[in-house]
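Sequence lines, in order, name chains A and B.
Reading the first sequence from the start, the letters are residues 1 to 471 in our numbering.
Reading the second sequence from the start, the letters are residues 472 to 991 in our numbering.
For every residue, glycine included, the Cβ atom is placed at its ideal position computed from N, Cα and C.
Single-structure report; data block below.
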Amino acid sequence: MSNKNIFTDKLHVINIGTKNFGEGLREQGVKVATINWRPPVDGNLLRMMRRCDEVGLTAKIEDANKHVLESMLTSDPIWIGMRPAIEVLPGMKENYILHSGPPRAFSDLCRLHHKGVIGGVLYEGWAASEEEAIHLLESGKVELHSCNDFATVGAGAGIVTPSMPVNICRDTRTGQEGFCLPFEGRTGLGVWGVYNEEVKNNLKVITEVFSPAVNQVLAENGGISIKNIIARSFQMNDEIHTRQTAAGLILLSEMAPLLLKSNLDRETVSVCIEMLSGSERWFHPLGMASAMCTLRGIKGTEYSTIVTAIASGGVETGLKVAAMGEEWFTAPSPHLHGKFFTTKWGPDDASPYCGDSTITEVVGMGAFAGAAAPAVLRLRGGTCKDAIAQSEEMKAICIGTNYNYPIPLLEFTGPPIGIDIRKVIETGITPVCHGGIISKEGGQIGAGIARFPIQVYIKAMYAFLSKYGIK
Amino acid sequence: MIKTVIKENLYLDSIFLMTVTREMQKVNGVREAVVVMGTEMNKTVLAEVGALTPEAQAATANSLILSLDVVEDSAVPEALKVLDNLMSQKADRQEDDTRERSFPTVDLAVQELPCANLAVISLSGEFAGQEAMNALKNGMSTFIFSDNVPLEEELELKRYAREHNLWVMGPGCGTSVINGISLGLMSKISQGAVGIVGASGSGIQEIAVLVDQQGEGVSQAIGTGGRDLSKEIGGITMLQGLDYLDADPKTKVIVLVSKPPHPETCAKIYARVKQSKKPIVIFFLGGDRSQIEASGAYSAATLEEAANIAVKLVRGEPIQQEDFLSKCIAQMKTEAMIEHRKLNCKQKFLRGLYCGGTHSEEAVLLLNEILPDMHSNLSFGGVKLLKDPKVSEQNSLVDMGDELFTRGRPHPVMDPSILTDRLWTEGTDPEVGVILFDLLLGYAVHPDPVGTIRDTLAALRKQAAQDGRNLCFVASICGTRQDPQDISLQKQQLEALGVHVFYSNSKAAIFAGIVIRGEE
């Protein structure tokens, strides 16, 4: 860094603290940038972090993070198929039901999960009534596990039972796979935790008609490149979390010809196209599964301080960090702020953040790519400038920008990618994430944004330092 | 009752419609509003709230459904106006290109603004040092207003800056001027040939202001912070400043201002002063003037005299060494005696309330030579220490910038309204004859300092008249015509209240002193 001369060059000031000093300089025609400074979150932790320099840990962290960033940027996720969970999820067993967020006992589940896992037991036909289902769950004969521990993204409630089909994305570079339930529609069991006859019939079509057909077509054609679709949709107002209007249409335009030229019967093709065109949100699970396969490529990277999961279960939110493998760090789930679909619903109806869709933010999409999707910012009355500011703010806690996804409003630079827990603690800035607002009773009632709690980052940082010998 | 309005072939995106829904909800007489495009999915939403009327059911995906639950029919057109207004609305906010950018961290700001060369820091002392070091490591100089930065941090910062050809003005630095740009709580000063290095904020300001008022100007005024001349810091910034100004072609005369440095540091300063190619004027408040003269520098008795000597040196005029105090007394005696005679026999004491730190120290030293039993909350120059800074005794001068008064409030330089209660207490004391105070102008300072105490001064004058006393107000104001507050306007306001106004802090103190003392 070259040292700048205040006597020979024009003054250009950064003001940290009292606004008056900045104003006084502006009155004199000086350019002043303001730092939105906030006090450090944990002085003791910061002192411990500074010791990383002394013991040579910083260089190892920087190296590991550089490698991780490279891996995230060069990852090449392909949507390769749809198969029942039991066949493809690593470690999945016949009596398991998965849910979003960190692991939780049946007795401690939020209402949405509680209803969802009971629905899951009924859907699998393990019980004939709710009472029987509850009994099975309480007895432990049906085990509950966290989606994220099974390479799966639990969007919304994230209810995954063994026979449900999941989307499979594979990173061709690492061979790692990531999984996510298909989007059932405005109502459904997997995402919205709702189980009734309509949901049951819809799931039957997805399981018996849609997913075998799609699986066949993808296998015949070598799959569909996800990165390619996201790159294009980022220039069409999508951010791939709350909004995937463009990505959904591009997906349909890629799938339709493949379906039509396959040997599938006309009725099956028709069902598939109806499904895909019925909701542009069909792309949402693919964005998430692709994020998962990318992140599995960096999980367990020694010395890396990069976040590999933000996942919330309506009660608790959990964090995973590359060097810490599958260890969870948890704190209470944040609330979403945003707009409700109708005035019938309000904040009291909303569950605290529930769902693992924040994996999109972990790979620099969603709220981090807010600048790509000003329309999403309008949910909170935001402007284009606010959208840009949101992406700029997240740069403060990320290690790089994603050149794969240039965003017009960011002068065609990419969104920030790679959340570094050190930066979160140093700046006190925690990730913002977009998300659907889910009713406590199940079903989506709005969309908004949440800021995730600093406590999980503090816990993770202490654990990281302890692992590498800094006490 | 549910009213359904269909707007055919009108497409609006769902996010915009959420805004419409919210705004319609605010219309009088509207209980519920659902505004959606007529897709099948949206119809299920309407059905859930019991609003799927036959009209809504018949709407196509290309039509907008406005479903309103209203108290009476007249609410419907009002609600529809909301839609029209929102649709015809221009951009949400006016583009504001003058809006300056803000960043969450210094590192990010520097990445985006590589030309940034100075960090102005006014965080609390425990955090200021860390951010200052961060700025230095990014190649920037720093102006640190913050007090209470640990001494060892200050030393580390200043050593780093010296090694890297950067500047650390402060910590505890109130004023500086870089190429005519005023930093901190500083007046606007014309550019000129006088270079100033000072450990005292109001000291730098008063010298610069008085140089400006005499038609000269300042090349650079470098604040060092109050502890720069301590033994531990060893005058790092002042020595850096001396080196810079000695070599600077724009600077003809150098002025140093501070409280007396630690003897070890003092020796370093004098050694450097002796080597200077340029004339140097030194005002070390209450220090040994013979030592200054021995170093080859001009010694000044007051801030005003330092400014006067500097101006003469710039102009090449002869310097007469004379006794500043007796000269001033001789000049002001006649007018002061007129005021003295207006006081009644009980009015024996002077009370001073000060905003500027160096102003209060200079004033208390001068008054201690004129008046007996001078008290203060400053343990300085042999003045008697007030038992309780909140209670005046006999002749008293209180530095209102004392932490005791400023806890949780802005410093009196920024907002003199902190003086009002104390002004009232002193002004209603029947033994008080003279109230002395100072006001400072400049950037980042209150836009109307006189305005903050005007009512109190007027009420005191009225109260004194009712009590059959005359109260003498004396003030110094420190500022220039170019200041945001314009010193001449502030002076007019004070004079309209019958205040004796001086532009020199020392003159105000001496005048106030002889009004109380009377004839020698």
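In the structure shown, what three-state DSSP assignment does serine 351 (chain A) receive? The residue given as residue 351 (chain A) occupies position 351 in the first sequence. Of the three classes helix, strand and coil, the one that applies to serine 351 (chain A) here is coil, per DSSP.
Give the C-beta separation of glycine 712 (chain B) and valine 668 (chain B) to the nearest angstrom, bearing in mind that I take them to be a contact with Cβ-Cβ under 8 Å. Position 241 of the second sequence, counted from the start, is the residue given in the question as residue 712 (chain B). Position 197 of the second sequence, counted from the start, is the residue given in the question as residue 668 (chain B). With 8 Å as the limit, glycine 712 (chain B) and valine 668 (chain B) qualify as a contact, their Cβ atoms being about 4 Å apart.
Short Cβ contact (8 Å threshold) for phenylalanine 210 (chain A) with cysteine 272 (chain A): If you number the first sequence from 1, residue 210 (chain A) lands on position 210. If you number the first sequence from 1, residue 272 (chain A) lands on position 272. Going by C-beta atoms, phenylalanine 210 (chain A) is nearer than 8 Å to cysteine 272 (chain A).
Is it a yes or a no for the segment 316-336 of chain A touching the segment 76-93 of chain A, going by three-plus beta-carbon pairs under 8 Å? no
For leucine 535 (chain B), write down the residues that DSSP places opposite it in a beta bridge. By 1-based counting over the second sequence, the position of residue 535 (chain B) is 64. Per DSSP, B:Lys478 and B:Met508.
Find the nearest neighbour of alanine 372 (chain A) within the set A:Val194, A:Gln390 and A:Ser357, judged by alpha-carbon distance. Sequence index remark: in the first sequence, residue 372 (chain A) carries index 372 (1-based). Of the listed residues, the one whose Cα sits closest to alanine 372 (chain A) is A:Gln390.
What span of residues does the alpha helix (DSSP H) with arginine 83 (chain A) cover, start to end? Indexing the first sequence from 1 puts residue 83 (chain A) at position 83. First-last for arginine 83 (chain A): 77-84, but that is the beta strand (DSSP E), not the alpha helix (DSSP H).
Could you tell me which chain A residues have their CB closer than 7 Å to the CB of leucine 584 (chain B), listed as they occur along the chain? Numbered from 1 along the second sequence, position 113 holds the residue referred to as residue 584 (chain B). Within chain A, the residues near leucine 584 (chain B) are His12 and Ala33.
Starting from valine 199 (chain A), trace the alpha helix (DSSP H) in both directions and tell me its first and last residue. If you number the first sequence from 1, residue 199 (chain A) lands on position 199. First-last of the alpha helix (DSSP H) with valine 199 (chain A): 197-205.
Using a cut-off of 8 Å between C-beta atoms, extract the partners of glutamine 635 (chain B) located in chain A. Here residue 635 (chain B) refers to the residue found at position 164 when the second sequence is read from its first residue. In the sequence on display, residue 635 (chain B) carries histidine and not glutamine. By Cβ distance, chain A contributes Asn3.
DSSP three-state assignment for serine 312 (chain A), whether helix, strand or coil: On the first sequence, residue 312 (chain A) is found 312 positions in, with the first residue counted as 1. It is a strand residue.
Cutoff 8 Å: glutamine 496 (chain B) Cβ touching any chain A Cβ: Locating residue 496 (chain B) in the second sequence gives position 25, where the first residue counts as 1. Yes, because at least one Cβ of chain A sits closer than 8 Å to the Cβ of glutamine 496 (chain B).
Keeping to the same chain, check which residues put their C-beta closer than 7 Å to that of aspartate 420 (chain A); ignore five residues upstream and five downstream. The residue given as residue 420 (chain A) occupies position 420 in the first sequence. Contacts found: Asn65, Thr305, Ile306, Ile397, Cys398 and Ile399.
Taking Cβ positions only, does aspartate 9 (chain A) come closer than 8 Å to chain B? To locate residue 9 (chain A), count along the first sequence from 1; it is residue 9. True, the Cβ-Cβ gap to chain B drops below 8 Å.
Give me, in chain order, the residues of the same chain whose beta-carbon lies closer than 7 Å to that of alanine 994 (chain B); leave out the 5 immediate sequence neighbours on both sides. The structure shown does not extend to residue 994 (chain B), since chain B is modelled only from 472 through 991, so no value can be given for it.
Through-space distance from phenylalanine 574 (chain B) to leucine 756 (chain B), alpha-carbon basis: Looking up residue 756 (chain B) in the second sequence gives position 285. Looking up residue 574 (chain B) in the second sequence gives position 103. Leucine 756 (chain B) and phenylalanine 574 (chain B): Cα-Cα distance of roughly 41 Å.
Cβ of phenylalanine 341 (chain A) within 8 Å of Cβ of isoleucine 445 (chain A)? Within the first sequence, the letter at position 341 stands for residue 341 (chain A). Within the first sequence, the letter at position 445 stands for residue 445 (chain A). Cβ distance < 8 Å, so phenylalanine 341 (chain A) and isoleucine 445 (chain A) count as in contact.
With serine 647 (chain B) as the anchor, note down where its alpha helix (DSSP H) starts and where it stops. Within the second sequence, the letter at position 176 stands for residue 647 (chain B). Serine 647 (chain B) -> not in any alpha helix (DSSP H); beta strand (DSSP E) instead, spanning 646-649.
Taking the beta strand (DSSP E) that threonine 401 (chain A) falls in, what are its first and last residues? Your numbering for residue 401 (chain A) matches position 401 in the first sequence. Note, threonine 401 (chain A): beta strand (DSSP E), 398-401.
Any Cβ of chain B within less than 8 Å of the Cβ of phenylalanine 341 (chain A)? As a working note, residue 341 (chain A) is residue 341 in the first sequence. Yes, contact with chain B.
Comparing the C-beta of glutamate 441 (chain A) with each C-beta of chain B, is any distance below 8 Å? For this step, residue 441 (chain A) is matched to residue 441 along the first sequence. Not closer than 8 Å to any Cβ of chain B, the Cβ of glutamate 441 (chain A) fails to qualify, so no.
Confirm, please, whether the CB-CB distance from serine 653 (chain B) to glycine 913 (chain B) is below 8 Å. Numbered from 1 along the second sequence, position 442 holds the residue referred to as residue 913 (chain B). Numbered from 1 along the second sequence, position 182 holds the residue referred to as residue 653 (chain B). Against a cut-off of 8 Å, the Cβ pair of serine 653 (chain B) and glycine 913 (chain B) comes out as a contact.
Look at isoleucine 486 (chain B) and leucine 379 (chain A) and say whether their C-beta atoms are less than 8 Å apart. Against the second sequence, residue 486 (chain B) aligns to sequence position 15. Against the first sequence, residue 379 (chain A) aligns to sequence position 379. Their beta carbons are under 8 Å apart, which means isoleucine 486 (chain B) touches leucine 379 (chain A) by this criterion.
Nearest candidate by alpha-carbon position, reference isoleucine 790 (chain B), set B:Asn609, B:Ala778 and B:Ser538: Your numbering for residue 790 (chain B) matches position 319 in the second sequence. Ranking the options by Cα distance to isoleucine 790 (chain B), first place goes to B:Ala778.
To the nearest angstrom, report how far apart aspartate 563 (chain B) and tyrosine 405 (chain A) are at their CA atoms. Reading the second sequence from its first residue, position 92 is the one you call residue 563 (chain B). Reading the first sequence from its first residue, position 405 is the one you call residue 405 (chain A). Bear in mind that a pLDDT of 43 at aspartate 563 (chain B), under 50, signals an unreliable position, so the number given afterwards is only what the model happens to contain. C-alpha separation (whole angstroms): 27 Å.
So, isoleucine 97 (chain A) versus valine 68 (chain A), is the Cβ gap smaller than 8 Å? The sequence position of residue 97 (chain A) within the first sequence is 97, counting from 1. The sequence position of residue 68 (chain A) within the first sequence is 68, counting from 1. For isoleucine 97 (chain A) and valine 68 (chain A), no; Cβs fall outside 8 Å.
Answer yes or no: does any C-beta atom of chain B fall closer than 8 Å to that of tryptophan 37 (chain A)? As a position in the first sequence, residue 37 (chain A) is number 37, starting the count at 1. So yes, tryptophan 37 (chain A) belongs to the interface.
Helix, strand or coil: how does DSSP classify alanine 463 (chain A) here? Numbered from its first residue, the first sequence carries residue 463 (chain A) at position 463. If DSSP states are grouped into helix, strand and coil, alanine 463 (chain A) belongs with the helices.
So is tyrosine 403 (chain A) buried or exposed if we call it buried at 16+ other beta carbons inside 10 Å? Working through the first sequence from its first residue, we reach residue 403 (chain A) at position 403. Per the 10 Å Cβ criterion, exposed.
Does the separation of the CB atoms of asparagine 241 (chain A) and serine 357 (chain A) fall below 8 Å? Your numbering for residue 241 (chain A) matches position 241 in the first sequence. Your numbering for residue 357 (chain A) matches position 357 in the first sequence. Contrary to the premise, residue 241 (chain A) reads as histidine rather than asparagine in this sequence. Yes, these two residues count as a Cβ contact at 8 Å.
Suppose you measure from the CA of aspartate 568 (chain B) to the CA of isoleucine 16 (chain A); what does that come to, to the nearest Å? Within the second sequence, residue 568 (chain B) is the residue found at index 97, counting from 1. Within the first sequence, residue 16 (chain A) is the residue found at index 16, counting from 1. Unreliable positioning characterises aspartate 568 (chain B) in this predicted model, as indicated by a pLDDT of 41, which lies under 50. A coordinate reading is not provided.
For asparagine 148 (chain A), count the other beta carbons within 10 Å of its own beta carbon; 16 or more makes it buried, fewer makes it exposed. Which is it? Here residue 148 (chain A) corresponds to residue number 148 of the first sequence, with the count starting at 1. Its Cβ being crowded by 16 or more others within 10 Å, asparagine 148 (chain A) is buried.
Starting from the Cα of phenylalanine 464 (chain A), find the closest Cα among A:Glu254, A:Thr34 and A:Met48 and give me that residue. Here residue 464 (chain A) refers to the residue found at position 464 of the first sequence. Checked all of A:Glu254, A:Thr34 and A:Met48; the closest Cα to phenylalanine 464 (chain A) is A:Met48.
Rounded C-alpha distance that separates glycine 81 (chain A) from threonine 34 (chain A): Locating residue 81 (chain A) in the first sequence gives position 81, counting from the first residue. Locating residue 34 (chain A) in the first sequence gives position 34, counting from the first residue. Roughly 50 Å between the two C-alpha positions.
N- and C-terminal bounds of the alpha helix (DSSP H) containing phenylalanine 982 (chain B): The sequence position of residue 982 (chain B) within the second sequence is 511, counting from 1. It spans 976-988 - the alpha helix (DSSP H) in which phenylalanine 982 (chain B) sits, taken as one unbroken run.
Could you please tell me which residues of the segment 168-186 of chain A, in chain order, have their CB closer than 9 Å to any CB of chain B? Gly185 and Arg186
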